[in-house]
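Below you'll find the structure, written out as C-alpha cells, and then a few comments.
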Amino acid sequence: MKDRISLLLILSLSLILRFWQLGYLPAIFNQNFFSLRILSALLGSLIPVLTFLFVIKHSFDRKTALFAAFFMSILPWGIVESRIASQVNIALFFVLLIFFLYSISNGAWKYISLFLIPVAVVLTYPDIWFIKKLEIISGKSFFNNLMILTSFEMLTSKNITFWWGGVREFGIIYLSLAPLFLSGLFHLFRKKYSAILLVFLLILLVAAMSPFFPESREFYLSLHIFSLICALGLRKLSLSKNLYIKMFVIFMSFFIIYEFAQFLHFYVRHYPGQVRENRSKIYGTF
Amino acid sequence: MALFKSKQNFFLILILIMSLVVRIFKVGEIPPSLYTDEINQGYNAYSILQTGHDEHGQFLPLSLRSFGDYKPPLPTYLMIPFIKIFGLTELAVRLPQVILGVISVVLMFYSVKLFWPAQRRLALLAAFIAAVSPWHILESRSAMLVMVSLVTLQLAVYFFLKSIRNIKFSLIWSAVFFALSVYAYYGMRLIVPLFLLYFLLTFRKVLFSGQKGLFTASVIFLLMTLPILLAYFKDPDVLIGRARTVSVFYDQGIKLRQWELLSQDVSEVPGVTLFFHNRYYMYGRDIARRFLSHFDFRFLALTGDKSPPFEIPSMGIIYPFEYFLIAYGIFILFRKKTEFRNLLVFWLIISVVPAALTFMTPSANRTFNVVFPFIIFTGIALAKAVKARNKGIIGLLVILYMVGFAQFLKQYFLVLPKEHADWWNFGLKDAAVKVAGIENNYSHIIVPDLRGMPYIYFLFYNQYDPALYQKEAQRSYAADRFGYEHVEGFGKYLFPNDFTWDKYKADLWPDTLFVVPYELENPQLPQKDTVYYPDKKGAYYFYESP
Numbered sequence: 002m003k004d005r006i007s008l009l010l011i012l013s014l015s016l017i018l019r020f021w022q023l024g025y026l027p028a029i030f031n032q033n034f035f036s037l038r039i040l041s042a043l044l045g046s047l048i049p050v051l052t053f054l055f056v057i058k059h060s061f062d063r064k065t066a067l068f069a070a071f072f073m074s075i076l077p078w079g080i081v082e083s084r085i086a087s088q089v090n091i092a093l094f095f096v097l098l099i100f101f102l103y104s105i106s107n108g109a110w111k112y113i114s115l116f117l118i119p120v121a122v123v124l125t126y127p128d129i130w131f132i133k134k135l136e137i138i139s140g141k142s143f144f145n146n147l148m149i150l151t152s153f154e155m156l157t158s159k160n161i162t163f164w165w166g167g168v169r170e171f172g173i174i175y176l177s178l179a180p181l182f183l184s185g186l187f188h189l190f191r192k193k194y195s196a197i198l199l200v201f202l203l204i205l206l207v208a209a210m211s212p213f214f215p216e217s218r219e220f221y222l223s224l225h226i227f228s229l230i231c232a233l234g235l236r237k238l239s240l241s242k243n244l245y246i247k248m249f250v251i252f253m254s255f256f257i258i259y260e261f262a263q264f265l266h267f268y269v270r271h272y273p274g275q276v277r278e279n280r281s282k283i284y285g286t287f
Numbered sequence: 015m016a017l018f019k020s021k022q023n024f025f026l027i028l029i030l031i032m033s034l035v036v037r038i039f040k041v042g043e044i045p046p047s048l049y050t051d052e053i054n055q056g057y058n059a060y061s062i063l064q065t066g067h068d069e070h071g072q073f074l075p076l077s078l079r080s081f082g083d084y085k086p087p088l089p090t091y092l093m094i095p096f097i098k099i100f101g102l103t104e105l106a107v108r109l110p111q112v113i114l115g116v117i118s119v120v121l122m123f124y125s126v127k128l129f130w131p132a133q134r135r136l137a138l139l140a141a142f143i144a145a146v147s148p149w150h151i152l153e154s155r156s157a158m159l160v161m162v163s164l165v166t167l168q169l170a171v172y173f174f175l176k177s178i179r180n181i182k183f184s185l186i187w188s189a190v191f192f193a194l195s196v197y198a199y200y201g202m203r204l205i206v207p208l209f210l211l212y213f214l215l216t217f218r219k220v221l222f223s224g225q226k227g228l229f230t231a232s233v234i235f236l237l238m239t240l241p242i243l244l245a246y247f248k249d250p251d252v253l254i255g256r257a258r259t260v261s262v263f264y265d266q267g268i269k270l271r272q273w274e275l276l277s278q279d280v281s282e283v284p285g286v287t288l289f290f291h292n293r294y295y296m297y298g299r300d301i302a303r304r305f306l307s308h309f310d311f312r313f314l315a316l317t318g319d320k321s322p323p324f325e326i327p328s329m330g331i332i333y334p335f336e337y338f339l340i341a342y343g344i345f346i347l348f349r350k351k352t353e354f355r356n357l358l359v360f361w362l363i364i365s366v367v368p369a370a371l372t373f374m375t376p377s378a379n380r381t382f383n384v385v386f387p388f389i390i391f392t393g394i395a396l397a398k399a400v401k402a403r404n405k406g407i408i409g410l411l412v413i414l415y416m417v418g419f420a421q422f423l424k425q426y427f428l429v430l431p432k433e434h435a436d437w438w439n440f441g442l443k444d445a446a447v448k449v450a451g452i453e454n455n456y457s458h459i460i461v462p463d464l465r466g467m468p469y470i471y472f473l474f475y476n477q478y479d480p481a482l483y484q485k486e487a488q489r490s491y492a493a494d495r496f497g498y499e500h501v502e503g504f505g506k507y508l509f510p511n512d513f514t515w516d517k518y519k520a521d522l523w524p525d526t527l528f529v530v531p532y533e534l535e536n537p538q539l540p541q542k543d544t545v546y547y548p549d550k551k552g553a554y555y556f557y558e559s560p
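So the sequences go chain by chain: W and A. Everything in the first sequence is counted per our numbering, starting at 2 for the first residue and increasing by one. Everything in the second sequence is counted per our numbering, starting at 15 for the first residue and increasing by one.
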C-alpha cells in the first residue's frame, strides 16, 4: 500500500513537472506540434511508472524501483524531452511498455514482444539517424563520439546531445547523483546484470554512430538505465550501517533537492531566453 | 649472490635496472631542452651553491621566488650536490629526478608488500607498471617538482604504516618526510594536512595509545615546517606562491557568468536570485567538473596534458588498456573490502583536489601523486589475471604492454625531440652558447622575452657569475597578467617583453646583436646566424644592427 501511494505521488510529480505551462515553457513555434507535446508530456509522465516496473522485473527490490521512478521523474533530460514534441521520448515509452509486456508474457508472445521493440522505435522515432540518413561515419569520429558520451562531463555537467533546443547546462544526471551513480554502477557489475549492460551498450553504440553527432538524442533511450543505476546506488548506500555513509546519504539528499531546484529555476527563468535566441537553429519537431 | 637466490629479488632487480636505463638514457638530451622551470631551478641551485643566495639575493630561501611563482625549494636544493659534481649541466639538473624515479619504483614494491605481505606477485607487478608507466617516466626525466613530492609522500606514508606495525622510529621518519613534502610542491601544502587528518582519524586508537612516539613525531613535524609557516606572516607568497594566480577563484569566468545570470534575473527578488546564482554553488560545480575531468579516458589514455611540456606526442599518460585495468582494480578492491582500500581511494581523491582548484585542467603535472593508486589498482587487476592462469588473457596483456611501451618509446625518444622540440623551448641553449662566443663584439645583446624567460637560459649556459648577476639584474618585480615577473636585463643583455621592430629600430641600437625567435623574423635585415629546430625549421635568428 505504501509503495502504491509513493508511486502515485511520483506520478503526480511527473505530471506537474511535465504539464505545467506546457506550450509556453519552452515557447512553441509551430502550433501543429502542440498535440504532439501533449502526447509527449503524457507518455513522459508515465515513463517513471514504467521505469518502476522495468526495475521490478529485473529482480530489484521495490524501494530501488521507487527510487528509480523518482529519479526518472526529476532527471533534467527527462523533463526537457517530455515538455516538447519529442519523438524519442515517445519511443522510450513504447520500449518500456513493450518490455513490460515481454516480462509478463509467455511462450511465443515473449519473442514477439522482443521483436516489437525495434519496430516501436522505428515507428515512433522516424528521425532516428539510420532512417533519416543512413551514413557510416569514420572510425575516428565514432570513437570520439563514444568518448564524449561516456565522459563525466556529459554525465554531470553538459548534455550536448540536444544542440540548440535542449538544456545543455546540466548533464544527463545531476552532479549530486554522481556518487550514487558510481555506487550503483559498482553493484550493477557486481551482480552481473549483463542484459541491462548489453542494452545500454547497444544504445551507446547506436548514438555514437550518428552522423548528426552531437545531435544524438538516441542516447535518451538509456535514461531509465541511468535512473536504475542511481537508484541502486542510493539503495545500497542507504542500507549501509556505517554512520558516515548514512550522514553522506542525508547530505546528498539535500544537495539533490537543491540541484533539482537549480534546474527548475534555470528551466523556467533562463532556458526560454536561450530558446528565443537560437530559434533559427532549432529544427525538427519541438 | 644472496640477492639473486630469491626469484622475487631477481625480478625486482631486473625491473630496477630497466627503470634506470629507460630513465637515464640520454636524459640530458631528451627532452630536447631544459624547460624554463628546470633551468631556473638549476641556476638557482648553482647560485646558492656559489653564494648562498638565490638569483634574487635571498639567503638560503625557503621558497624560490623564481619568476614570481615562488617555487618550493626542496627540488632545487637536491640539485646542489649534483651541480657540484657534474657542473651546471642538463644532467645535473635532471639526475635527481632520475634517481628519485627509480626510488619511487622501489617504493611501489615495498608499499604493496606492506599493504599485503602475502602478495609478492602484486608487489612485483606494481613495480613493473611503475617502471614502464609513460607518466612516471615523463616526470622522472624532467625536473618539474612533482617526482620529489611523490617520493616524499610515498616515504611518509610508508613509514607511517610501518609505525602502525610497531617498527621503531618509523613515526618519526614519517613526520620528517611529511614535513619535507611541504617543501617539495605546492599541492602538498593542501595534501599533507589532509593526509595527517586522515591518519589521525583512522588510526587514532593506535596513535594515542602512547606507544608510538606521536608527541616526538609531532614536535619534529612542527619544527621542520615552522620556518615556512613563520615566513608566511612575512610574505604570504612564500607559502601560497602562484597558487593564487592559477586558482579558479582568480579566473573571471565564473564571476562573469554569475553576473550574466543575475542580470537575466533582474526582476526577481534579490534573495531568490542569490539562492540560485551564488558563487558557492557555481564555484563548487566548476571545481567538481574540473575534478572529474582528470578521470576522463581521453585525457588519461589518448591525449594527455595538452599544456607543454607535459605532453607526449599522440599519447596519453597511461596506456589505453590500463584505464580499464584501473577500473577493474578498483572494482576488485571494493568487492573484497581489502585492507588499505580506503587509504588508496583517499590518496586517489586527494591527489586531484589541488589541481581541481586551478583553472588549467585537466593537469598531468599537478595530479601526479595519483599515479601511486593508479599503479596499485592496475597491479591488482593484473594480479587477478595472472592468478586465473588464463594463458589467453595473460598473453594479450603481455602483448598490450609490449606494444604500448614500444609506442611510448618511439613517441618520447624519437618523435618528441625531432618534431616537438619547441614544446621544451629548444633553441635558447644554442642561442646562448653562440652569443657567448661573440658577445664581446657588441655593446648590447637584445633577446625579446616572447616565451620561455630567455634570460635564465643565458645565465645558465654562460654560467654567469651569480654574485654579479644578483647586483646587475634589472627587474621591476611587476607581474604580468599570469603572475610572472620578468627580467628586463643584466650586464649588456636586454630582454624586452614588448619587443617589436618598430619600437627597437635596429639603426637606433649601434653595436647591438638581436637574437629573436622565429615569429619576429625580419627579412629587411641581413641574418648573421640561425639556430634551427631539429626538424630544420628556424628557431632563432641573429641580426646585427647596421
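From the three backbone atoms N, C-alpha and C, an ideal C-beta is built for every residue, glycine too.
Legend entry - Per-residue burial, Phe171 of chain W [other beta carbons within 10 Å of its own, 16 or more giving buried]: To locate residue 171 of chain W, count along the first sequence from 1; it is residue 170. Buried is the call here.
Legend entry - Element boundaries [alpha helix (DSSP H), containing Val206 of chain A]: Within the second sequence, the letter at position 192 stands for residue 206 of chain A. Start and end: 202 to 216.
Inset, instruction - Closer than 9 Å, Cβ to Cβ, to anything on chain W: give me those residues from the stretch 266 to 279 of chain A, in chain order. - result: Leu275, Gln278, Asp279
Legend entry - Inter-stretch contact at 8 Å, needing at least 3 Cβ pairs: the stretch 185 to 205 of chain A / the stretch 360 to 377 of chain A: Touching, yes, given that three or more Cβ pairs across the two stretches are closer than 8 Å.
Inset, instruction - Find the residues of chain C that neighbour Gln263 of chain W, judging by a C-beta separation of less than 8 Å, and give them in chain order. - result: The structure shown contains no chain C; the protein chains it does contain are W and A.
Inset, instruction - Decide if Glu52 of chain A is buried, meaning its Cβ has at least 16 other Cβ atoms within 10 Å, or exposed. - result: Locating residue 52 of chain A in the second sequence gives position 38, where the first residue counts as 1. Buried, since its Cβ has 16 or more Cβ neighbours within 10 Å.
Inset, instruction - Report the three-state DSSP secondary structure of His271 of chain W (helix, strand or coil). - result: Position 270 of the first sequence holds residue 271 of chain W. His271 of chain W: helix per DSSP, three-state reduction.
Inset, instruction - Counting only runs of 4+ residues fully inside the stretch 307 to 376 of chain A, write out the alpha helix (DSSP H) ranges in chain order. - result: Scanning the stretch 307 to 376 of chain A from its first residue to its last, the whole alpha helix (DSSP H) runs of 4-plus residues come out as 334 to 350, 355 to 370.
Legend entry - Within 8 Å, strictly: CB atoms of Thr151 of chain W and Ala179 of chain W: In the first sequence, residue 151 of chain W corresponds to position 150, counting from 1. In the first sequence, residue 179 of chain W corresponds to position 178, counting from 1. Not closer than 8 Å, so no.
Inset, instruction - To the nearest angstrom, report how far apart Asp512 of chain A and Asn455 of chain A are at their CA atoms. - result: Taking the second sequence and counting its residues from 1, one reaches residue 512 of chain A at position 498. Taking the second sequence and counting its residues from 1, one reaches residue 455 of chain A at position 441. Looking at the two C-alpha atoms, the distance is approximately 25 Å.
Legend entry - Near the ligand FAD: Ser47 of chain A beta-carbon under 7 Å from a heavy atom: No copy of the ligand FAD occurs in the structure displayed, which carries no ligand at all.
Inset, instruction - Pull up the CB-CB distance for Pro49 of chain W and Leu93 of chain W, whole angstroms please, since I reckon it's below 8 Å. - result: In the first sequence, counting from the first residue as 1, residue 49 of chain W sits at position 48. In the first sequence, counting from the first residue as 1, residue 93 of chain W sits at position 92. Not a contact, Cβ separation roughly 11 Å.
Legend entry - Own chain partners of Gly66 of chain A with C-beta closer than 8 Å, once the 5 adjacent residues on each side are dropped: For the purposes of this step, residue 66 of chain A is taken as residue 52 along the second sequence, with counting starting at 1. Exclusion of the five residues before and after Gly66 of chain A leaves Phe73, Leu74 as the residues of its chain whose Cβ lies within less than 8 Å of its Cβ.
Legend entry - Cutoff 6 Å; reference Leu14 of chain W; Cβ partners in own chain excluding five residues on either side: As a position in the first sequence, residue 14 of chain W is number 13, starting the count at 1. Contacts found: Ser74.
Inset, instruction - Please list the segments of the alpha helix (DSSP H) lying wholly inside the stretch 116 to 146 of chain W, counting only runs of 4 or more residues, in order along the chain. - result: 130 to 133
Legend entry - Cβ distance (whole Å) where Ala339 of chain A is taken to contact Leu396 of chain A below 8 Å: Residue mapping note: residue 339 of chain A aligns to position 325 of the second sequence, counting from 1. Residue mapping note: residue 396 of chain A aligns to position 382 of the second sequence, counting from 1. The sequence given here has Leu at residue 339 of chain A, not Ala. Yes, they are in contact, since the Cβ atoms of Leu339 of chain A and Leu396 of chain A sit about 7 Å apart, within 8 Å.
Legend entry - Cβ pair Ala137 of chain A, Val119 of chain A closer than 8 Å: Numbered from 1 along the second sequence, position 123 holds the residue referred to as residue 137 of chain A. Numbered from 1 along the second sequence, position 105 holds the residue referred to as residue 119 of chain A. It is not a contact, given that the beta carbons lie outside the stated cut-off.
Inset, instruction - Could you work out which residue in A:Ile181, A:Phe235, A:Ser154 is closest to Leu194 of chain A when comparing CA atoms only? - result: Numbered from its first residue, the second sequence carries residue 194 of chain A at position 180. Closest option to Leu194 of chain A, Cα to Cα, is A:Phe235.
Legend entry - Per-residue contacts from Leu176 of chain W into chain A (C-beta, under 7 Å): Here residue 176 of chain W refers to the residue found at position 175 when the first sequence is read from its first residue. Per Cβ cutoff of 7 Å: Arg299, Ala302.
Inset, instruction - Determine the direct distance from the alpha carbon of Val196 of chain A to that of Leu473 of chain A, and round the result to whole angstroms. - result: Along the second sequence, read from residue 1 onward, the residue named residue 473 of chain A stands at position 459. Along the second sequence, read from residue 1 onward, the residue named residue 196 of chain A stands at position 182. Cα-Cα distance, rounded: 29 Å.
Legend entry - Spatial distance of Ile364 of chain A from Leu208 of chain A (CA atoms): For the purposes of this step, residue 364 of chain A is taken as the residue at position 350 of the second sequence. For the purposes of this step, residue 208 of chain A is taken as the residue at position 194 of the second sequence. Taking the straight line joining both Cα atoms gives about 8 Å.
Legend entry - Under the three-state DSSP convention, the category Pro524 of chain A falls into: For this step, residue 524 of chain A is matched to residue 510 along the second sequence. Coil.
Inset, instruction - Mind listing the chain W neighbours of Arg312 of chain A? Cutoff is C-beta to C-beta under 9 Å, in chain order. - result: For the purposes of this step, residue 312 of chain A is taken as the residue at position 298 of the second sequence. Residues of chain W passing the Cβ test: Asn145, Met148, Ile149, Ser152.
Inset, instruction - Look up Val508 of chain A in the DSSP assignment and give the residues it is bridged to. - result: Position 494 of the second sequence, counted from the first residue, corresponds to residue 508 of chain A. It should be noted that the sequence gives Leu, not Val, for residue 508 of chain A. According to DSSP, Leu508 of chain A bridges with A:Ile460, A:Gly503.
Inset, instruction - Measure from the C-beta of Ser328 of chain A to each C-beta in chain W and report whether the shortest distance is under 8 Å. - result: Here residue 328 of chain A refers to the residue found at position 314 of the second sequence. By this cut-off, Ser328 of chain A is not an interface position.
Inset, instruction - Tell me, to the nearest whole angstrom, how far the beta carbon of Gly418 of chain A is from that of Tyr342 of chain A; I am working on the premise that it is less than 8 Å. - result: As a position in the second sequence, residue 418 of chain A is number 404, starting the count at 1. As a position in the second sequence, residue 342 of chain A is number 328, starting the count at 1. No, Gly418 of chain A and Tyr342 of chain A are not in contact; Cβ-Cβ is about 17 Å, not under 8 Å.
Legend entry - Any chain W beta carbon closer than 8 Å to Asp83 of chain A: Position 69 of the second sequence, counted from the start, is the residue given in the question as residue 83 of chain A. No, because no Cβ of chain W sits closer than 8 Å to the Cβ of Asp83 of chain A.
Inset, instruction - Using three-state DSSP, classify Asn58 of chain A as helix, strand or coil. - result: For this step, residue 58 of chain A is matched to residue 44 along the second sequence. The three-state secondary structure of Asn58 of chain A, taken from DSSP, is helix.
Inset, instruction - Could you check what DSSP says for Leu78 of chain A in three-state terms: helix, strand or coil? - result: Numbered from its first residue, the second sequence carries residue 78 of chain A at position 64. Leu78 of chain A falls in the strand class under three-state DSSP.
Legend entry - For Gln133 of chain A, three-class secondary structure by DSSP: Residue mapping note: residue 133 of chain A aligns to position 119 of the second sequence, counting from 1. Residue state, collapsed to three classes: coil.
Inset, instruction - Taking only the alpha-carbon atoms, compute the straight-line gap between Tyr221 of chain W and His434 of chain A and give it to the nearest angstrom. - result: Taking the first sequence and counting its residues from 1, one reaches residue 221 of chain W at position 220. Taking the second sequence and counting its residues from 1, one reaches residue 434 of chain A at position 420. Cα-Cα distance, rounded: 42 Å.
Legend entry - Members of the stretch 347 to 378 of chain A near chain W, C-beta cut-off 7 Å: Phe348, Arg349
Legend entry - Run of the alpha helix (DSSP H) containing Thr90 of chain A, from where it starts to where it stops: Position 76 of the second sequence, counted from the start, is the residue given in the question as residue 90 of chain A. Counting along the chain, the alpha helix (DSSP H) containing Thr90 of chain A begins and ends at 88 to 100.
Legend entry - Range of the contiguous alpha helix (DSSP H) that encloses Glu486 of chain A: As a first step, residue 486 of chain A must be located in the second sequence, where it is residue number 472. From DSSP, the alpha helix (DSSP H) with Glu486 of chain A extends over 480 to 486.
Legend entry - Proximal residues of chain W, C-beta to C-beta of Ala208 of chain A below 9 Å: Counting from 1 along the second sequence, the entry for residue 208 of chain A is found at position 194. In the sequence as presented, Ala is not what sits at residue 208 of chain A; that position holds Leu. Within 9 Å Cβ-Cβ: nothing; Leu208 of chain A doesn't reach chain W, min ~16 Å.
Legend entry - For Tyr557 of chain A, three-class secondary structure by DSSP: The residue labelled residue 557 of chain A in the question sits at position 543 within the second sequence. Reduced to three states, the DSSP call for Tyr557 of chain A is strand.
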